[in-house]
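Residues 273 to 641 (this note's numbering) make up the sequence shown, in order. Don't be surprised by glycine CBs; every beta carbon is placed ideally from N, CA and C. Please read these numbers as outputs of a predicted model, since none were measured by experiment. Below is one structure, written out as structure tokens; comments come after it.
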Amino acid sequence: MNNINLSQAYLKRLKVIFLPLYHEDWASSKYRVYRQVPYLVKEGIDCSVLRPPPPKFISRFSYYARLFVGCLTHDLVFVQKKLLRAPLFFLLRRLARRLVFDFDDAIYLYKEGRPLIDRILAKVDAVVVADEELARYARRYNSLVAVIPTPVEKGNYIKKAHPPDGKVRITWVGRPWNHHYLADLAGVFERLAQEKLPIELYVVSGKPFQFPRSCFPVINVPWSEKAEEETLAMTDIGIIPLKDDEWSRGKCPYKIMLFMSRKIPVIASPVGVKAEIIKSGLNGFLAGTEDDWVACISRLVKDPNLRHKIGQEGLSTFEQSYTYEMISANLAKFLRTVVNSGRGKINDLPSSEIDKVITATGRTLSQDS
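This is the structure we're talking about:
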């Protein structure tokens, strides 16, 4: 009988409220929430997404009213990276049947927010993170932690058209505040220029990038989803330079999978999970020094057959673990586990404190408006 009940529990459609930190145009929320919804629906998860409200009191009040009322009719609330202030969080903790917190960056490194995130990690029923480095931190405060990488859509791209001059196209994709990682390769590209290798460097970003001293010409592509896809379609080599620090070690492997999913051979710094995913010389290359970077780029530029082989192996790595279908299925299983686990910290606040929390919540909304 227990087995039958357990099976029925897993077959039952779940109702989940998602609280993304950002709107659809922000990568973190776009890929970890909005674009996962259709796949989760196929896995038996009915998804209600509460988009961030405009900064007006009435809009924020309506947002939280819908959230708190929704808690009564949904099985689980999934908070994506949103650090709620104490009154709001504790009321949500009181009302939500199950509460999951998701994050994909080392946000605990921000000193002003660390006490808040530590408290949240300890109070929620479960935690979802994008990689093992983040999981190690989350496990200090919560025993139910799942590593769910940021999924990447399969590459629907046109066949690469090689330019008549035969130049090999190298691409970096990232936000403007991460330009400093690419700037660290100035010496690498100076040396490549001296070798007179037939290469072009494309930078897909929100702002133009130039190396210090303009040591190597850059083709800047203003970021848009279409521009990114078109640039990747003609890219021969993808590069992901990083510093070996705590923030970079917490970065999820999304960019690696972005290149691998399109059969683009990737070179990355051996930092965090990237050093675990990439088997150097098999499905990509790891470059820890300037000499490594020069050697890896030179080798791939000079050997188109190697580029094809590494690209194909990278695609296999992606298809084995990082598609939306696979990751959404794993997330759905984990959410069912949380709902059916018997865990729950619903009684963290005594009933006598609810009125105080509601009053404090009203003050918080007023301050935020």
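Asked	Found
Sequence-distant residues of the same chain with beta carbon closer than 8 Å to PHE340, five excluded per side	LEU363, LEU364, LEU367
Beta-bridge pairing of TRP444 - partner residues as DSSP gives them	VAL475
Rounded C-alpha distance that separates ALA337 from TYR409	32 Å
Cα-Cα separation between TYR294 and LEU381, rounded to whole angstroms	20 Å
Under the three-state DSSP convention, the category ILE642 falls into	Here the chain covers residues 273 to 641 and nothing more, so residue 642 does not appear.
Environment of ILE599 [buried if 16+ CB atoms lie within 10 Å]	buried
The segment 495 to 507 in contact with the segment 564 to 575 per 3-pair CB rule at 8 Å	no
Simplified DSSP state of ASN414, which is helix, strand or coil	coil
Spatial neighbours of VAL419 in its chain, beta-carbon cut-off 7 Å, leaving aside the 5 residues before and after	VAL401, ASP403, GLU404, ALA407
Closest Cα partner of ASP456 within the set VAL424, ILE512, LYS302	ILE512
Strand pairing of THR595, partner residues [DSSP]	VAL424
Candidates VAL417, GLY385, ALA378, LYS383: closest to VAL396 by CA position	VAL417
Closest Cα partner of TYR474 within the set CYS319, HIS451, ARG485	HIS451
Exposure of HIS580, with buried meaning 16 or more beta-carbon neighbours within 10 Å	exposed
Exposure label - LYS383; buried when at least 16 CB within 10 Å	exposed
Nearest residue (CA-CA) to LYS546, options ARG534, LEU514, ASN577	LEU514
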